[in-house]
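If you're matching them up, the sequences are chains A and B in order.
Going from the first sequence to my numbering is simple: count from 1 and add 28.
Going from the second sequence to my numbering is simple: count from 1 and add 459.
Yeah, the Cβ is synthetic: ideal placement off N, Cα and C, and Gly gets one too.
All figures in this text were calculated on a predicted structure; none of them were measured in a lab.
Everything below concerns the one structure shown next.
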Amino acid sequence: MIEVHEIAKRYGDKVAVDGLTFTVQAGAVTGFLGPNGAGKSTTMRMIVGLDAPTSGTATVNGRPYSDFRAPLHEVGALLEARAIHTGRSGYNHLRALALTHGIPMSRVTEVLKLVGLEDVARKRVGSFSLGMGQRLGIASALLGDPETVILDEPINGLDPEGIRWVRNLLKSLAREGRTVFLSSHMMSEMALTAERLVVIGRGRLIADTTVDDFVRQASIGAAVLVRTPDATRLREQLLTAGASVSSDEPGVLEVHGVTSEQIGAVAHAAGVTLYELTPQEVSLEDAFMSTTNQAIEYQAETTDEEDVELIA
Amino acid sequence: MSAINASPARDSRAGRNLGVTQFRVLRSEWAKLWSLRSTRWSIAVAFIAMAVIGVIVSAVNMSRWQSMTPFDRLHYDALDLSLSGVDFAQLAIGVLGVLVITNEYSTGMIRSSFMAVPRRLQVLWAKVGVFGAVTFVLILIGAFIAFFVSAPIVHAHVPLSISQPHAVRAVVGLALVMAVLAVFCVALGALIRNTAGGIATFAGVFFVLPGIIEILGTSIHNSISPYLPSSAAATLYTAQSAAGDHSLSPWGGFALFCGYTLVMLAASAYLLRKRDA
Numbered sequence: 029m030i031e032v033h034e035i036a037k038r039y040g041d042k043v044a045v046d047g048l049t050f051t052v053q054a055g056a057v058t059g060f061l062g063p064n065g066a067g068k069s070t071t072m073r074m075i076v077g078l079d080a081p082t083s084g085t086a087t088v089n090g091r092p093y094s095d096f097r098a099p100l101h102e103v104g105a106l107l108e109a110r111a112i113h114t115g116r117s118g119y120n121h122l123r124a125l126a127l128t129h130g131i132p133m134s135r136v137t138e139v140l141k142l143v144g145l146e147d148v149a150r151k152r153v154g155s156f157s158l159g160m161g162q163r164l165g166i167a168s169a170l171l172g173d174p175e176t177v178i179l180d181e182p183i184n185g186l187d188p189e190g191i192r193w194v195r196n197l198l199k200s201l202a203r204e205g206r207t208v209f210l211s212s213h214m215m216s217e218m219a220l221t222a223e224r225l226v227v228i229g230r231g232r233l234i235a236d237t238t239v240d241d242f243v244r245q246a247s248i249g250a251a252v253l254v255r256t257p258d259a260t261r262l263r264e265q266l267l268t269a270g271a272s273v274s275s276d277e278p279g280v281l282e283v284h285g286v287t288s289e290q291i292g293a294v295a296h297a298a299g300v301t302l303y304e305l306t307p308q309e310v311s312l313e314d315a316f317m318s319t320t321n322q323a324i325e326y327q328a329e330t331t332d333e334e335d336v337e338l339i340a
Numbered sequence: 460m461s462a463i464n465a466s467p468a469r470d471s472r473a474g475r476n477l478g479v480t481q482f483r484v485l486r487s488e489w490a491k492l493w494s495l496r497s498t499r500w501s502i503a504v505a506f507i508a509m510a511v512i513g514v515i516v517s518a519v520n521m522s523r524w525q526s527m528t529p530f531d532r533l534h535y536d537a538l539d540l541s542l543s544g545v546d547f548a549q550l551a552i553g554v555l556g557v558l559v560i561t562n563e564y565s566t567g568m569i570r571s572s573f574m575a576v577p578r579r580l581q582v583l584w585a586k587v588g589v590f591g592a593v594t595f596v597l598i599l600i601g602a603f604i605a606f607f608v609s610a611p612i613v614h615a616h617v618p619l620s621i622s623q624p625h626a627v628r629a630v631v632g633l634a635l636v637m638a639v640l641a642v643f644c645v646a647l648g649a650l651i652r653n654t655a656g657g658i659a660t661f662a663g664v665f666f667v668l669p670g671i672i673e674i675l676g677t678s679i680h681n682s683i684s685p686y687l688p689s690s691a692a693a694t695l696y697t698a699q700s701a702a703g704d705h706s707l708s709p710w711g712g713f714a715l716f717c718g719y720t721l722v723m724l725a726a727s728a729y730l731l732r733k734r735d736a
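Written as structure tokens, this is what we have:
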């Protein structure tokens, strides 16, 4: 479990993270979303003790990272910038890390096999593709068989097969009861991988919820698609009922402002036949875009420090 | 492919002595040092320069012995010249000492290192310990090779023996000074964190500064020069005869150099803990 409490990071005048509080539970994949510069990477660096927070605390399983005597067994992290010397082979990179904890070399071989790098393990990391570098970073994160895994953009540069592999890996880690915290800009992938979400913008919390709730919340007020042979009459009735209606093709209405239940009732009362009545659920990407845009505009407009209530 | 073979590793961990120890960090730094081509080359260059250059200098001087002036012959310092590889070795060790830590900053490796070892000073002590010890052993061997190969070469004209005054002090002292220099430069690298800046600072302090002080005039030169890190370091391995009147005593100079190094080390340790990686 990762607990971040009122954490803030300032670089001079610039505020990167601004009083962030959230909890990442064990046993689920938690996605960490936010636009570029929202403070995701800084937050992750503070969790693993690389950056010191200006104020607030971050703990993993109740303890600050620097307290761990065997941190690689507690937390495995892949940070966005590749933290690997390019002149070393993948094997020697992992070996140097393993030696600090007395992890046997058999485990190094094991994780290299796990990420599919056993054939190139003796090659210099400088010759690796972006995807291979990511795989080695994931191998480093898993080296100590940690209870908590933190991955910053792990699927950058991976091919479709690699992306699916990471997805299954993270899900199975979570099934084993581990804490998995993952940031990514690939919304479609996040929708498939994560169950929970922490969404931030400009260093502040926007949402701490499940993926389903996040999407449902953003879907409120979304259009309902209606297909009917009697579009003109239904349109009139719906406008009378207070809906706004648009239409791109004959016989198909896009209805805003009323629920599908209300549309059904209106149609029934008017004796209009319906072929289709579909609430349009927004994608995670749409939900993310609308939620973060609102939040960021709201934050930009307000100078009030107490606007954290905005959280969905 | 099963995602992660978790349980066996978790079970086997239970009984073993887990976690980071200073000794384990030392082993890790040892492995890091030798697993890079650039470090292996730099260490080889330092060693070969130390062992070979003095021999070449001695041989060349002996071959032109007949054309040397009587004054030059009288003041020929066979011990000092047999160890003339030290300047080159010093350059290689200084550059490598800086690189040992700045290359981790430039590649991002330092983040992996500090995530594995959150008590960052353990990393600093391990780097200093490993690189200092490697330098001491290799330069000691190199200096002895240079000395014992040069001795028979110069023997016809100048006696050079390990039993003569200052000889052991110069040879062993040279290795000691280079080991302390190694520590100095690792600390410098940790302080500056940037390869170009670190190497420039090292070269500036050890190779440029003495020249600048020299052109400032005799009185300034005499009062400042002995206290420069480079001169303080050199007192231990230069025979007393070669040193000027204004030099510090051999061990006094060495103590001063150790003092500079301790200050560097303390400053870098303080900042290493304080700064974000």
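From the options, residue whose alpha carbon lies closest to that of residue i
i      : options                        : result
M637/B : S565/B, S526/B, P688/B         : P688/B
L540/B : Q481/B, V617/B, L724/B, W493/B : V617/B
V177/A : R192/A, H296/A, T207/A         : T207/A
S318/A : Q265/A, T260/A, F242/A         : F242/A
I658/B : G588/B, V557/B, V596/B, W524/B : V557/B
A490/B : S117/A, A323/A, S94/A          : S117/A
L619/B : L695/B, F661/B, L538/B         : L538/B
M29/A  : G40/A, A56/A, G47/A            : A56/A
I112/A : L281/A, Y303/A, A169/A, G285/A : A169/A
K733/B : A634/B, F573/B, E488/B, W500/B : F573/B
L140/A : T128/A, N120/A, H129/A, G130/A : N120/A
S501/B : V514/B, Y535/B, M568/B, F590/B : F590/B
L143/A : S212/A, Q290/A, L186/A, E289/A : Reading off the sequence, residue 143/A comes out as Val, not Leu. Cα-wise, what sits closest to V143/A is L186/A.
T566/B : R652/B, A503/B, L724/B, T697/B : R652/B
V639/B : K586/B, V627/B, G663/B, I671/B : K586/B
S738/B : G676/B, L675/B, F716/B, I674/B : An answer regarding residue 738/B cannot be provided, because it is not within the stretch 460 to 736 covered by chain B.
Beta bridge counterpart(s) of residue i as assigned by DSSP
i      : result
Y39/A  : K42/A
P307/A : V252/A
I228/A : L233/A
G104/A : V177/A
H121/A : Bridge partners of H121/A: none, in fact.
T85/A  : H33/A
S211/A : F60/A, D180/A
V273/A : V283/A
V664/B : Answer by DSSP bridge pairing: none, since V664/B is not bridged.
L48/A  : I35/A
R152/A : S117/A
Contact belief for residue i with residue j at Cβ below 8 Å, rounded distance in angstroms
i      : j      : result
G190/A : G231/A : Contact doesn't hold; Cβ gap of about 31 Å is too wide.
A126/A : L171/A : 6 Å
S513/B : L542/B : It is worth fixing the name first, because residue 513/B is Gly in this sequence and not Ser. Indeed they touch by this definition, with Cβ atoms about 5 Å apart.
M708/B : T694/B : Correcting the residue identity first, residue 708/B is Ser in this sequence and not Met. Between T694/B and S708/B the Cβ distance is about 7 Å, and since that is below 8 Å, they are a contact.
V593/B : T128/A : At roughly 19 Å, the Cβ-Cβ gap does not stay under 8 Å, so V593/B and T128/A are not in contact.
F643/B : M723/B : 6 Å
Any non-hydrogen atom of the ligand ZN within 7 Å of residue i CB
i      : result
T498/B : Absence of the ligand ZN from the depicted structure is noted, as is the absence of any ligand whatsoever, leaving it without description.
Under 9 Å from the C-beta of residue i: neighbouring residues of chain C
i      : result
R244/A : Included in the structure are the protein chains A and B, with no chain C among them.
Meets three-Cβ-pair contact criterion under 8 Å: the region 302–314 of chain A and the region 246–254 of chain A: yes
Members of the region 576–600 of chain B that neighbour chain A once the beta carbon cut-off is set at 8 Å: V576, P577, R578
Validate contact between the region 559–578 of chain B and the region 636–650 of chain B using beta carbons, cut 8 Å, 3 pairs: yes
Under 7 Å (Cβ pairs) to chain A, residues found in the region 480–501 of chain B: R483, V484, R486, S487, A490, K491, S494, L495, R496, S497
Residues of the region 94–113 of chain A with Cβ closer than 7 Å to any Cβ of chain B, in chain order: S94, F96, R97, A98, P99, L100, H101, A105, L107, A109, R110, A111, I112, H113
Proximal residues, the region 79–95 of chain A versus chain B, C-beta separation under 7 Å: D79, A80, Y93, S94
At least 3 beta-carbon pairs within less than 8 Å: the region 610–626 of chain B vs the region 157–169 of chain A: no
Cβ-based contacts, 7 Å cut-off: residues of the region 120–139 of chain A near chain B: N120, R123, A124, L125, L127, T128, H129, G130, R135, E138
Interface residues of the region 251–282 of chain A facing chain B [CB-CB below 8 Å]: none
Near-chain A residues of the region 643–667 of chain B - C-beta to any C-beta below 7 Å: none
Interface residues of the region 158–176 of chain A facing chain B [CB-CB below 8 Å]: Listed in sequence order: S168, L170, D173.
Contact between the region 545–558 of chain B and the region 89–106 of chain A (3+ Cβ pairs under 8 Å): No, the region 545–558 of chain B does not touch the region 89–106 of chain A.
At least 3 beta-carbon pairs within less than 8 Å: the region 219–229 of chain A vs the region 35–54 of chain A: yes
Segment contact, 8 Å Cβ cut-off, at least three pairs: the region 184–195 of chain A with the region 145–156 of chain A: no
Cβ contact (3+ pairs, closer than 8 Å) linking the region 253–266 of chain A and the region 55–64 of chain A: At 8 Å Cβ cutoff, the stretches do not touch.
The region 74–81 of chain A in contact with the region 523–542 of chain B per 3-pair CB rule at 8 Å: no
Any 3 or more C-beta pairs closer than 8 Å across the region 723–732 of chain B and the region 567–582 of chain B: yes
Interface positions of the region 183–214 of chain A facing chain B (Cβ-Cβ less than 9 Å), listed along the chain: W193, N196, L197, L198, K199, S200, L201, R203, E204, R206
Contact list for the region 41–66 of chain A against chain B, Cβ threshold 8 Å: none
Touch test, the region 478–486 of chain B against the region 507–524 of chain B, Cβ-Cβ under 8 Å, three pairs minimum: no
Given 8 Å, three or more beta-carbon pairs between the region 90–98 of chain A and the region 178–187 of chain A: no
Segment contact, 8 Å Cβ cut-off, at least three pairs: the region 34–47 of chain A with the region 76–91 of chain A: Touching, yes, given that three or more Cβ pairs across the two stretches are closer than 8 Å.
Contact the region 677–684 of chain B vs the region 592–599 of chain B: 3+ CB pairs below 8 Å: no
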